[in-house]
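Trainee: Each residue of the sequence shown is one higher than the one before, counting from 150 in our numbering. The C-beta atom is built at its ideal place from N, Cα and C for all residues, glycine as well.
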Amino acid sequence: MDRRAIWAIILMMAIALVPALLPKARKRPAGPAGRDSSAAVPATPPPSTSVGPTGPPVPSGQAPRASADTATADTVLASSPLYTYGVSTRGARLVLATLPRYRSMAVQARGQAVELLRPGTGLLGMTLVRGQDTLRLSDWTFTPSASRINVTAPTPVRFSASRGDVSVELTYTFQPDDYRIQVSGRVAGVGPNGGLLLLEFGPGLANTEADSNENHRALALVTKEGDAERTDFSSLKPGEPKTLSGPFEWVAVKSKYFVTAVLAFDSAGTGISGATATPPATAGKHPAAADVQLSLPVTATGAFNYSVYAGPMEYDRLRRIGHDFDDVNPYGWPGFRTLIRFFTVPIRWMLLFMHNQLGMAYGLALIVFGILVRTLLWPLNQKAMRSSMQMQAIQPFMKELQERYKDDPQRLQTEMMRLYKEHGVNPFGGCWPMLLPMPILLALFFVFQNTIELRGNSFLWLPDLSRPDPLYIIPVLMGLTMYGVSRVGQIGMEQTPQMKSMLYIMPVMMTVLFVNFASGLNLYYAVQNITSIPQQWLLAKERMKRLPPPPAPKTSKGRTKGDR
Numbered sequence: 150m151d152r153r154a155i156w157a158i159i160l161m162m163a164i165a166l167v168p169a170l171l172p173k174a175r176k177r178p179a180g181p182a183g184r185d186s187s188a189a190v191p192a193t194p195p196p197s198t199s200v201g202p203t204g205p206p207v208p209s210g211q212a213p214r215a216s217a218d219t220a221t222a223d224t225v226l227a228s229s230p231l232y233t234y235g236v237s238t239r240g241a242r243l244v245l246a247t248l249p250r251y252r253s254m255a256v257q258a259r260g261q262a263v264e265l266l267r268p269g270t271g272l273l274g275m276t277l278v279r280g281q282d283t284l285r286l287s288d289w290t291f292t293p294s295a296s297r298i299n300v301t302a303p304t305p306v307r308f309s310a311s312r313g314d315v316s317v318e319l320t321y322t323f324q325p326d327d328y329r330i331q332v333s334g335r336v337a338g339v340g341p342n343g344g345l346l347l348l349e350f351g352p353g354l355a356n357t358e359a360d361s362n363e364n365h366r367a368l369a370l371v372t373k374e375g376d377a378e379r380t381d382f383s384s385l386k387p388g389e390p391k392t393l394s395g396p397f398e399w400v401a402v403k404s405k406y407f408v409t410a411v412l413a414f415d416s417a418g419t420g421i422s423g424a425t426a427t428p429p430a431t432a433g434k435h436p437a438a439a440d441v442q443l444s445l446p447v448t449a450t451g452a453f454n455y456s457v458y459a460g461p462m463e464y465d466r467l468r469r470i471g472h473d474f475d476d477v478n479p480y481g482w483p484g485f486r487t488l489i490r491f492f493t494v495p496i497r498w499m500l501l502f503m504h505n506q507l508g509m510a511y512g513l514a515l516i517v518f519g520i521l522v523r524t525l526l527w528p529l530n531q532k533a534m535r536s537s538m539q540m541q542a543i544q545p546f547m548k549e550l551q552e553r554y555k556d557d558p559q560r561l562q563t564e565m566m567r568l569y570k571e572h573g574v575n576p577f578g579g580c581w582p583m584l585l586p587m588p589i590l591l592a593l594f595f596v597f598q599n600t601i602e603l604r605g606n607s608f609l610w611l612p613d614l615s616r617p618d619p620l621y622i623i624p625v626l627m628g629l630t631m632y633g634v635s636r637v638g639q640i641g642m643e644q645t646p647q648m649k650s651m652l653y654i655m656p657v658m659m660t661v662l663f664v665n666f667a668s669g670l671n672l673y674y675a676v677q678n679i680t681s682i683p684q685q686w687l688l689a690k691e692r693m694k695r696l697p698p699p700p701a702p703k704t705s706k707g708r709t710k711g712d713r
């Protein structure tokens, strides 16, 4: 997680809590003063190279040139409105995964259909381990049952190859309305003890975003045994394999918005027995690529089956697959995810509902949502602000107690609690209602970080609500509205040095922190600030009415006008 996000959360909590905790005196008349397992997984290919579609090794983490086997003669193409997948006859590997409904924002491919796989790489290259023998099936040439298909119904394509006493039959079944591919196979000659199938799962996904660094930070290996566990590529040590022991129901490699995964919860075996990620030895301090290899058991009959998902992280689609596959898209941090998803899932649903069912642009939906949230929280905020005014009213008595019992902390605590009880004041009543908008704001941070439906949606001058404002207008507006809320909220209060510091410093700091956050998040925060100003103004007027009247002016002889 970006450190700026953590600091933003801390500062947002400070904005909510500190004003309620600072002493506030009434104005007086003028006068004197993961889990890493050591369980063995069969050896992986050399970590410094990955086998490209045509055979020659290419450095891991780099983008080698497209190879010859991407030509139609060597690749079986399966197309539907959702995708175009290409399976090479060399190794029966997936070498192409194009998603026409999504456009790349990467500089080198801007406006083109998203291509998930890095050029020259592939998925599902097989190595069979039987006893002491290791057969590299990814080097074999397979014969397909078709060369090109238009998928309008579940359509199987068969691949077959044989060498010596070993023959392999593979079937890829494509669905017209799903990004999943069912893969089933049988190896004749595997032996009575069965074997192990090693699947090459590539060095990671291609960059599809304008900010390649942000996309690289999102690259991760995600495994599901009990709970989904994420291993960021950037956390791996160059050249050192990271081995995870299963059995896993599914294993995925994700970027910011897209994912490829092997799903084995419907297999006849025991799922995926292990996964290994090895970054190249020449990678920098934070690798952006890793050779991923999965191991699946093969029964004595030689049979195996699994599914492959290669597509977008659409939450509803992932959730329908089941087995917590939607956890591959982490709304929140580990250990914190359960709480934050209580907010993220409804917020995401609300924004999509307003867009899809009510026809609102996402920017307008954010504005309406911000006003709705502020309206629903109005009573609680009202209660919190009035509680703060009650605390302000008893400040003179608190100062008197503090002075009287400054050498007896225990007696001071007892007397202060008695003071709170006598005046019906809850010392924390002004704090917790102020914190309620914070989970919503934090949830929106993750919604904009992970929700592919918001990707590329423009509003007014903002080209992409999931990206920062290139003109910096909206973060500056957010900072100005924050200042306005604080300024109105301090009307009728004695201006202490701490309050003056917060009035000017906090909006500046939050603007600096939020300047590179999603413009949609800044838009929501600005709307929240603007819609809270009327409530602050009404409470300020109420506070002013509670202040004692100013002393009557004195005449030149020292008498007040009322004495005449």
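CA-CA distance, ARG497 and PRO624?
Mentor: Working through the sequence shown from its first residue, we reach residue 497 at position 348. Working through the sequence shown from its first residue, we reach residue 624 at position 475. For ARG497 and PRO624, the distance between alpha carbons rounds to 22 Å.
Trainee: Is it the case that the Cβ atoms of ALA410 and GLU398 are separated by a distance below 8 Å?
Mentor: Numbered from its first residue, the sequence shown carries residue 410 at position 261. Numbered from its first residue, the sequence shown carries residue 398 at position 249. Annotated as distal: ALA410 and GLU398, with beta-carbon spacing of 8 Å or more.
Trainee: Touch check for the segment 329-339 and the segment 452-467: three-plus C-beta pairs under 8 Å?
Mentor: yes
Trainee: Nearest by alpha-carbon distance to MET254: which of ILE589, ARG279, ARG604, ARG307 is it?
Mentor: Counting from 1 along the sequence shown, the entry for residue 254 is found at position 105. For the residues ILE589, ARG279, ARG604, ARG307, the minimum Cα distance to MET254 belongs to ARG604.
Trainee: What is the DSSP secondary structure of GLN684, counted as helix, strand or coil?
Mentor: As a first step, residue 684 must be located in the sequence shown, where it is residue number 535. In this structure, GLN684 counts as helix in the three-state DSSP scheme.
Trainee: What residue range is occupied by the uninterrupted beta strand (DSSP E) comprising ASP282?
Mentor: Here the question's residue 282 lines up with position 133 in the sequence shown. Note, ASP282: beta strand (DSSP E), 282-285.
Trainee: Tell me the rounded alpha-carbon separation between LEU515 and PHE595.
Mentor: Translated into positions along the sequence shown, residue 515 becomes position 366. Translated into positions along the sequence shown, residue 595 becomes position 446. The straight-line gap from Cα to Cα measures roughly 15 Å.
Trainee: Return the Cβ separation of LEU243 and GLY271 in integer angstroms, given the expectation that the two are a contact with Cβ distance under 8 Å.
Mentor: As a first step, residue 243 must be located in the sequence shown, where it is residue number 94. As a first step, residue 271 must be located in the sequence shown, where it is residue number 122. At roughly 6 Å, the Cβ-Cβ gap stays under 8 Å, so LEU243 and GLY271 are in contact.
Trainee: At which residues does the alpha helix (DSSP H) containing VAL408 begin and terminate?
Mentor: Walking along the sequence shown from the start, residue 408 turns up at place 259. First-last for VAL408: 407-412, but that is the beta strand (DSSP E), not the alpha helix (DSSP H).
Trainee: Apply the 10 Å Cβ neighbour rule to VAL522 and answer buried if 16 or more other Cβ atoms are within range, or exposed otherwise.
Mentor: Here residue 522 refers to the residue found at position 373 when the sequence shown is read from its first residue. Counting the other Cβ atoms within 10 Å of the Cβ of VAL522 gives 16 or more, which makes it buried.
Trainee: Going by DSSP, name the residue or residues bridged to LYS753.
Mentor: Lying outside 150 to 713, the shown extent of the chain, residue 753 is not represented and no answer is given.
Trainee: Under a three-way DSSP split, which group does LEU488 fall into?
Mentor: Translated into positions along the sequence shown, residue 488 becomes position 339. Note: LEU488 maps to helix in three-state DSSP.
Trainee: Would you check if there are 3 or more beta carbon pairs closer than 8 Å linking the segment 429-442 to the segment 622-640?
Mentor: no
Trainee: Helix or strand or just coil, what does DSSP make of ARG239?
Mentor: As a working mapping, residue 239 is identified with position 90 in the sequence shown. Strand.
Trainee: Take the Cβ of LYS555 as the centre, count every other Cβ of all protein chains shown within 10 Å, and call the residue buried at 16 or more, exposed below.
Mentor: On the sequence shown, position 406 is the one that residue 555 refers to. It counts as exposed.
Trainee: Starting from the Cα of GLY235, find the closest Cα among VAL494, PRO617, ALA459, VAL371 and give me that residue.
Mentor: In the sequence shown, the residue the question calls residue 235 occupies position 86. Looking from the CA of GLY235, the closest CA among VAL494, PRO617, ALA459, VAL371 belongs to ALA459.
Trainee: Quick one: what's got a C-beta closer than 7 Å to PHE502's C-beta in the same chain, skipping five residues either side?
Mentor: Position 353 of the sequence shown, counted from the first residue, corresponds to residue 502. Once the five neighbours on either side are set aside, PHE502 has no close Cβ partner at all.
Trainee: Contact between the segment 272-282 and the segment 291-306 is defined here as three or more beta-carbon pairs at a separation below 8 Å; is this criterion met?
Mentor: In short, these stretches do not touch, since the Cβ pair count stays below three.
Trainee: Buried or exposed: which applies to PRO646, given that a residue is buried once 16 or more other Cβ atoms fall within 10 Å of its Cβ?
Mentor: Against the sequence shown, residue 646 aligns to sequence position 497. PRO646 should be labelled exposed.
Trainee: Sort out for me which residues DSSP pairs LEU266 with in a bridge.
Mentor: As a first step, residue 266 is located in the sequence shown; it is residue number 117 there, counting from the start. Per DSSP, LEU354.
Trainee: By the three-class DSSP mapping on this structure, what secondary structure does ILE470 have?
Mentor: As a working mapping, residue 470 is identified with position 321 in the sequence shown. Here ILE470 sits in helix by DSSP.
Trainee: If contact is defined by three or more beta carbon pairs under 8 Å, each pair taking one atom from either stretch, is the segment 257-274 in contact with the segment 361-381?
Mentor: no
Trainee: What's the call for GLN551, buried or exposed, on a 16-neighbour Cβ count within 10 Å?
Mentor: As a position in the sequence shown, residue 551 is number 402, starting the count at 1. GLN551 is exposed by the Cβ-count criterion.
Trainee: How many angstroms separate the CA atom of GLY351 from the CA atom of GLN442?
Mentor: Reading the sequence shown from its first residue, position 202 is the one you call residue 351. Reading the sequence shown from its first residue, position 293 is the one you call residue 442. Taking the straight line from one Cα to the other gives about 8 Å.
Trainee: Near ASN356, what residues of its chain come up, given a Cβ to Cβ distance below 6 Å and the 5 sequence neighbours on each side ignored?
Mentor: Taking the first residue of the sequence shown as position 1, residue 356 is located at position 207. Contacts found: ALA255, ASN364.
Trainee: Would you mind reading off the limits of the beta strand (DSSP E) that contains VAL278?
Mentor: Numbered from 1 along the sequence shown, position 129 holds the residue referred to as residue 278. That run of the beta strand (DSSP E) goes 274-279.
Trainee: Have a look at the DSSP bridge pairing and note the partners of ILE421.
Mentor: Sequence index remark: in the sequence shown, residue 421 carries index 272 (1-based). Answer is PHE397.
Trainee: Measuring only the C-alpha atoms, how far is ALA174 from PHE546?
Mentor: Residue mapping note: residue 174 aligns to position 25 of the sequence shown, counting from 1. Residue mapping note: residue 546 aligns to position 397 of the sequence shown, counting from 1. Reliability fails at ALA174, whose pLDDT of 39 lies under 50, so the model's placement of it is uncertain and the value that follows must be treated cautiously. Answer to the nearest angstrom: the Cα atoms are 10 Å apart.
Trainee: Answer yes or no: do GLY388 and ALA426 have a C-beta to C-beta separation smaller than 8 Å?
Mentor: Along the sequence shown, read from residue 1 onward, the residue named residue 388 stands at position 239. Along the sequence shown, read from residue 1 onward, the residue named residue 426 stands at position 277. No, the pair does not count as a contact, with Cβ atoms beyond the cut-off.
Trainee: Could you check the C-alpha separation between VAL402 and LEU672 for me, to the nearest Å?
Mentor: Within the sequence shown, the letter at position 253 stands for residue 402. Within the sequence shown, the letter at position 523 stands for residue 672. Computed Cα separation, rounded: 32 Å.
Trainee: Strictly by DSSP, which residues pair up with GLN442?
Mentor: For the purposes of this step, residue 442 is identified with residue 293 of the sequence shown, where counting begins at 1. Partner(s): GLU349, THR425.
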